[in-house]
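Residue numbers (full-length UniProt numbering): 1 to 233.
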């Protein structure tokens with residue numbers, strides 16, 4: 001057994017019930033966290049803020065959608081306006097955007113659009129007389145989903161620090177989907193609830209924490225939950 005797998009086993013048996021690593025898929029290296037749905041929110045936020053170095057946002061947007069195509073949203077101009085407005089807002093202020101992270105529906109639409117915008121901004125930066133050391137950053141686009149609905153969910157049974165994935169296409173008839181590789185981070189939940197409501201419960205806890213302001217302590221760590229305007233769509 002490799003050291004990575006040994007570390008994984010220890011992490012899965014710990015009280016924190018959280019494991020972190022990198023996903024390698026389609027030439028993208030994407031940080032992920034894997035945890036049981038009842039994992040402490042403080043532990044998850046510590047990973048996001050301290051390990052992933054995500055700054056507390058000024059706004060958090062949660063896009064709730066079913067795992068289906070956009071066949072019901074046939075107004076393409078409306079889709080374009082929605083995405084354009086979201087990108088414009090994210091470029092104007094610090095923002096976290098949470099989606100299902102899947103390569104289908106609104107999550108795919110948002111992921112692909114934000115990647116295109118990033119490429120445009122990066123190209124403009126390269127050809128402009130920008131200030132030295134200026135950095136073109138990606139908006140944190142965080143996919144949150146159950147591990148069981150992924151086409152490669154077997155990869156998360158024995159977790160390793162580096163997991164190689166290959167997108168071969170969604171299998172909607174089996175309720176299995178690929179991840180959208182243009183998300184910046186993934187939170188993958190092992191959902192042990194009877195009605196598979198773990199993701200919704202986690203998002204509600206996250207939304208509640210960001211709408212409150214209270215100090216929380218854990219050992220030598222101090223975690224502050226700031227009041228952050230949250231929009232759920």
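Ideal placement from N, C-alpha and C gives every residue a C-beta, glycine not left out.
Under the three-state reduction of DSSP output, residue 72 falls in the coil class, being neither helix nor strand.
Burial is judged here by how many other beta carbons sit within 10 angstroms of a residue's own beta carbon; residue 39 has at least 16 and is buried. Between the alpha carbons of residue 156 and residue 128 lies a distance of about 43 angstroms. For the set 24, 82, 37 and 28, the Cα lying nearest the Cα of residue 194 is the one of 37.
Between residue 104 and residue 135, the alpha-carbon positions lie close to 30 angstroms from each other. A direct Cα-to-Cα measurement between residue 63 and residue 98 gives close to 6 angstroms. Listed in chain order, the non-local C-beta contacts of residue 118 below 8 angstroms within the same chain comprise 136 and 138, local neighbours out to five positions each way being set aside.
176 is the residue among 199, 176 and 187 whose C-alpha sits nearest the C-alpha of residue 154. Judged by their CB atoms, residue 170 and residue 151 are nearer to each other than the 9 angstroms cut-off. Its chain contains 67, 175, 176 and 177 as the residues whose beta carbon lies nearer than 7 angstroms to that of residue 149, once the 5 sequence neighbours on both sides are disregarded; these appear in chain order. Around the CB of residue 172, fewer than 16 other CB atoms lie within 10 Å, so the residue is classed as exposed. Residue range 198-210 is occupied by the alpha helix (DSSP H) that includes residue 203. In the same chain as residue 231, and ignoring 5 residues on each side of it, the C-beta atoms closer than 8 angstroms to its own belong to 59, 60, 61 and 62, in chain order. Beta-carbon to beta-carbon, residue 144 and residue 199 are separated by about 6 angstroms, close enough to satisfy the 8 angstroms threshold.
The stretch 81-146 is shown to contain whole alpha helix (DSSP H) runs of 4 or more residues at 105-126, in chain order. In this structure, residue 25 lies near residue 167, with their beta-carbon atoms less than 9 angstroms apart. Residue 76 counts as exposed, since fewer than 16 other beta carbons sit within 10 angstroms of its beta carbon.
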